[in-house]
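Note sheet for the following structure.
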Amino acid sequence: MVKRSEKYTIEAVNQRLKVEGISVALKKEGERVYMVATLPPKPWLRKASSKPYQQRIAVSQTDSVSGIRYAEAEARRLGDRIAAWRATRKDPRFFDWSLYQSNERTVVGSVAEIVRAFETHYKETHTLEDATWVKNWHQVFRQLPQERSLTEEMLIQEALSKPRNTRVRLRTCCKLQSLANFAGVEVDLLQYRGGYSASKVQPRRLPTDEEIAAWYYKIPNKGWQWVYGILAAAALRPHEAFFSGWESDSFEVYQGKTGPRSVLQFFYPEWIEEWNLTKIHLPRTDAEKAYRQQRLGERVSRQFKRYGIPFGPYDLRHRAAVRMSVDFSLPPTVAARLMGHTVTEHTQTYHKHITKAQQERAISRALNVKDRPKPPAALNR
């Protein structure tokens with residue numbers, strides 16, 4: 026005989042619903058149980074499309090036996106309503122969302138309290154510097170009314186307040202969606218993110234390695250000269266130069282956007298000796314304070330302009346990415362690891378800077394190596 030506790034588990038219920046052809050499943054998130062099914066958009070949300078999509082409905086506060094029994098009964102009732110709605114050729118007017126509007130989860134606590142809880146959770150599960158949290162997350166969340174409860178309408182209104190097809194709209198939608206998922210607020214903000222893509226942005230002209238080397242010697246201040254050199258040789262983000270150092274067999278970044286990392290090799294290694302990069306010589310500036318205030322990168326950029334350098338500090342990093350991939354034929358996975366970002370970012374953001382001439386040189390070099398692949402010999406000639 027099957028024990029009652031074994032009969033009323035989410036897995037057991039989902040198996041019964043599947044066998045009976047009921048297109049609803051139960052899912053546990055935290056302490057709550059949800060019904061998951063493909064449903065028409067909620068009429069009180071401004072959807073960009075009227076097409077049905079997978080949604081969840083809160084159904085039980087607990088996954089106890091009694092809670093699961095109740096959830097199964099509700100799932101069967103929802104299955105009946107879905108079947109009736111499908112019989113109308115999925116006309117959204119024939120699915121009564123008012124029966125479930127009260128199930129929409131309103132998180133206990135203000136926006137400020139939810140954001141603080143999300144920050145704690147996110148930092149426990151991701152490698153993230155405090156300054157990165159402030160710049161990439163807090164600046165989005167601070168736009169919300171901090172003392173009110175978090176709702177779908179609030180999140181959608183904030184997302185739509187940003188210009189269409191821009192980086193700020195994309196970032197706002199993605200960050201707010203993460204907050205909504207954490208809080209259990211049912212909303213689809215990604216439909217509003219638009220068509221912005223970093224890979225579609227017009228690529229800038231990057232300096233050549235000859236120009237980079239020439240400008241190194243034009244910088245009069247030894248501290249800023251070292252910063253310039255280490256950015257060019259180690260492919261660092263501007264602020265990372267101030268939080269890095271040499272270990273026994275590598276150059277280490279101790280603090281930065283994506284946390285610590287090792288730069289195991291420079292491209293070109295000759296610049297280490299030529300520019301005396303092993304002797305760290307930082308300029309006199311309160312880097313810790315400027316970093317906390319999100320102004321350290323701006324400080325570096327301003328110094329470049331002061332010395333008349335015709336390109337920015339990030340251009341050195343962009344050029345290093347191209348140098349690794351094209352000039353040194355380094356696999357994207359390795360180059361991305363050295364630079365402290367994802368392979369996707371490496372290919373989409375940096376490869377757009379590869380010029381036609383660089384492509385032709387890389388192709389020529391690949392075809393002229395002695396051990397390049399050869400075509401197979403024809404059989405039965």
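Residue numbers (the numbering used here): 26 to 406. Using N, Cα and C, we set each Cβ at its ideal position, and we do this for glycine too. Quick caveat, the model's predicted, so the values are computed rather than measured.
Judged by their CB atoms, residue 365 and residue 278 are nearer to each other than the 8 Å cut-off. Short of 6 Å from the beta carbon of residue 94, and not among the five residues preceding or following it, lie these beta carbons of its own chain, in chain order: 33. A direct Cα-Cα distance of roughly 54 Å separates residue 236 from residue 75. Boundaries for residue 231: no beta strand (DSSP E) harbours it, and the DSSP string shows neither H nor E there. Between the segment 193-206 and the segment 299-308 there are fewer than three inter-stretch CB-CB distances shorter than 8 Å, so the stretches are not counted as touching. For residue 230, the closest C-alpha among the options 339, 158 and 143 is that of 339. In the three-state reduction of the DSSP assignment, residue 176 falls in the coil class, being assigned neither a helical nor a strand state. With 16 or more other CB atoms across the displayed protein chains lying within 10 angstroms of its CB, residue 269 is buried.
Distance from the CA of residue 160 to the CA of residue 238, rounded to the nearest whole angstrom, comes to 32 Å. Taking a contact as a CB-CB distance under 8 Å, the pair residue 260 and residue 363 counts as one, their CB atoms being some 7 Å apart. Beyond the five residues adjoining it in sequence on each side, residue 96 comes within less than 6 Å, by CB distance, of 51, 58, 84 and 85 in the same chain, given in chain order.
In the DSSP assignment, residue 309 falls outside any alpha helix (DSSP H), carrying neither H nor E. 8 Å or more divides the Cβ of residue 100 from the Cβ of residue 153. Counted as a single uninterrupted DSSP element, the beta strand (DSSP E) harbouring residue 51 occupies residues 50-54.
Our two residues, residue 54 and residue 367, have alpha carbons roughly 28 Å apart in a direct line. One Cα belongs to residue 92, the other to residue 98, and the distance between them is close to 10 Å. In this structure, DSSP gives residue 154 a state outside helix and strand, which the three-state scheme calls coil. Out of 257, 122 and 276, the CA that lies nearest to the CA of residue 232 is found in 257.
When C-alpha distances from residue 64 are compared across 149, 106 and 314, the shortest belongs to 106.
Around the Cβ of residue 46, a 10 Å sphere holds fewer than 16 other Cβ atoms; the residue is exposed.
When secondary structure is reduced to three states using DSSP, residue 207 falls in the helix class.
For the options 314, 255 and 215, the alpha carbon positioned closest to that of residue 295 is the one of 255.
Only residues of its own chain outside the window of five on either side were considered, and among them 50, 52 and 81 have a CB closer than 6 Å to the CB of residue 61, listed in chain order. Relative to the Cα of residue 280, the nearest Cα in the group 209, 312 and 208 belongs to 312.
Within the same chain, Cβ atoms closer than 6 Å to the Cβ of residue 110 are found at 119 and 120, the five residues on either side in sequence being excluded.
Nearest neighbour of residue 287 by Cα position, chosen from 271, 297 and 293, turns out to be 271. Per the DSSP secondary-structure output, residue 123 pairs with nothing in a beta bridge. Contact between residue 332 and residue 244 holds, since their C-beta atoms are separated by about 6 Å, short of 8 Å.
Comparing C-alpha distances from residue 328 to each of 213, 188 and 249 shows the shortest one belongs to 249. Taking a contact as a CB-CB distance under 8 Å, the pair residue 180 and residue 215 does not count as one, their CB atoms being some 12 Å apart. Taking the Cβ atoms as the reference, residue 262 lies roughly 6 Å from residue 282, within the contact range of under 8 Å.
Between residue 201 and residue 165 the beta-carbon gap is near 7 Å, inside 8 Å, which marks them as a contact.
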